[in-house]
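> Take a look at the following structure, please.
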Amino acid sequence: RQWLSNPQKRVLERLIDTLHSTEDYEIWSKCAKRVDNMLDFEAWRQKEESPEYDWETIRQTVQKSRTLRETNDIPGMMHLLASCPHRGALLSDGLLKYMTGTKELIDEYFTEVEQLSEIIVNTPSVKAQEKYVLFKRVAQYHGRTALMLSGGAALGMYHIGVMKALWQADLLPRVITGASAGSIIGAFICSRPSEEVEAMFKKSDIGESLREMNLNLDAFEPFSPEKAVR
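Its first residue numbered 1, the sequence shown is counted upward by one per residue in full-length UniProt numbering.
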């Protein structure tokens, strides 16, 4: 971590205060990027070597993928995608210590996986059944992003605000689960058609929208939906 002068420390403190208080995701994102950069994120990001993951395996996979794409080796691409479970411990907590991203090499790896997938999908010579089997296997390897909402009793009302922020950023996953109050909110959102969820999040009075959908909010008082989405 780089050394900060006293004026820089004061700037950092103000940015962190903004992160904790802002109600706007775009403002939060800009502040988070500034904080990360002040804490030497870019240098860390560009450095491939790290004990947190098998960077050598990941780099070899990225290089091999690029070679396969350059030569249009479809069988080779399919074989490489099928070996996705060996992805070098990319879920280590140490790779998530910054707010706005992870190692550049890891981003390159997932970009290659996406590009190989698109090429195979759009290759007529690969039979539909082969594609189905391959991508079902790839989906099992990589899993699917899920949102886990914890309990929190009355504080569970804040889950609505979290989901609205994710929806506004087009990041709300299809899989939502939860415990206690989180399970109530998660089940409510997941049991509604997409157009109803969209209409609800677009309204300024989200509490009234929830009541119109017959969601009993008495258990969450005094934490109103209006306060939760801030």
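Ideal Cβ positions, reconstructed from N, Cα and C, are used throughout, including at glycine.
For residue 11, which of 81, 34, 23 has the nearest alpha-carbon?
Of 81, 34, 23, the residue nearest in Cα terms is 34.
> Tell me residue 178's beta-bridge partners as DSSP assigns them.
Answer is 149, bridged to residue 178.
> If you draw a straight line from the alpha carbon of residue 68 to that of residue 105, how long is it in whole angstroms?
Using only the alpha carbons, I get a separation of about 18 Å.
> Quick one, which of 156, 201, 161 has its alpha-carbon nearest residue 184's?
With distances taken between Cα atoms, residue 184 lies closest to 156.
> Distance, Cα to Cα, residue 175 vs residue 148?
Their Cα atoms are separated by approximately 9 Å.
> Of all Cβ atoms in chain B, is any one closer than 9 Å to the Cβ of residue 116?
Of the chains in the structure shown, none is chain B; there is only one protein chain.
> Kindly give me the distance between the Cβ atoms of residue 246 and residue 151, rounded to whole angstroms, as I take these residues to be in contact under 8 Å.
With the chain running from 1 to 230 in the structure shown, residue 246 is simply not present.
> Excluding five sequence neighbours on each side, which residues of the same chain lie with their C-beta closer than 6 Å to the C-beta of residue 81?
Result list for residue 81: 116, 138, in chain order.
> Measuring alpha carbon to alpha carbon, tell me which residue in 190, 211, 96, 107 is nearest residue 61.
Of the candidates 190, 211, 96, 107, the one whose C-alpha sits nearest the C-alpha of residue 61 is 107.
> Output the boundary residues of the alpha helix (DSSP H) element that contains residue 161.
First-last of the alpha helix (DSSP H) with residue 161: 158 to 168.
> Going by C-alpha distance, which of 64, 46, 39 is nearest residue 5?
Checking every option, the nearest Cα to that of residue 5 belongs to 39.
> Find the nearest neighbour of residue 110 within the set 191, 122, 59, 76, judged by alpha-carbon distance.
Measuring from the Cα of residue 110, the nearest candidate turns out to be 59.
> What number of angstroms, rounded off, separates the C-alpha of residue 49 from the C-alpha of residue 64?
When rounded, the distance between both Cα atoms is 18 Å.
> For residue 172, tell me which candidate among 134, 179, 201 has the shortest Cα-Cα distance.
Measuring from the Cα of residue 172, the nearest candidate turns out to be 201.
> Following the continuous alpha helix (DSSP H) through residue 128, name the residue where it begins and the one where it ends.
Element bounds for residue 128: 128 to 142.
> Would you kindly work out how many angstroms separate the C-alpha atoms of residue 96 and residue 102, rounded to a whole number?
Computed Cα separation, rounded: 6 Å.
> Quick one: grab the DSSP three-state call for residue 193.
Residue state, collapsed to three classes: coil.
> Give every residue of the same chain whose Cβ lies closer than 7 Å to the Cβ of residue 189, excluding the five residues on either side of it in the sequence, and list them in chain order.
Only 163, 176, 197 meet the Cβ criterion.
> Leaving aside the five residues before and after residue 41 along the sequence, list all residues of the same chain whose C-beta is less than 8 Å from its C-beta, in chain order.
Cβ within range, chain order: 98, 100, 101.
> On a Cα-Cα basis, can you pick out the residue from 91, 46, 158 that is closest to residue 54?
Of the listed residues, the one whose Cα sits closest to residue 54 is 91.
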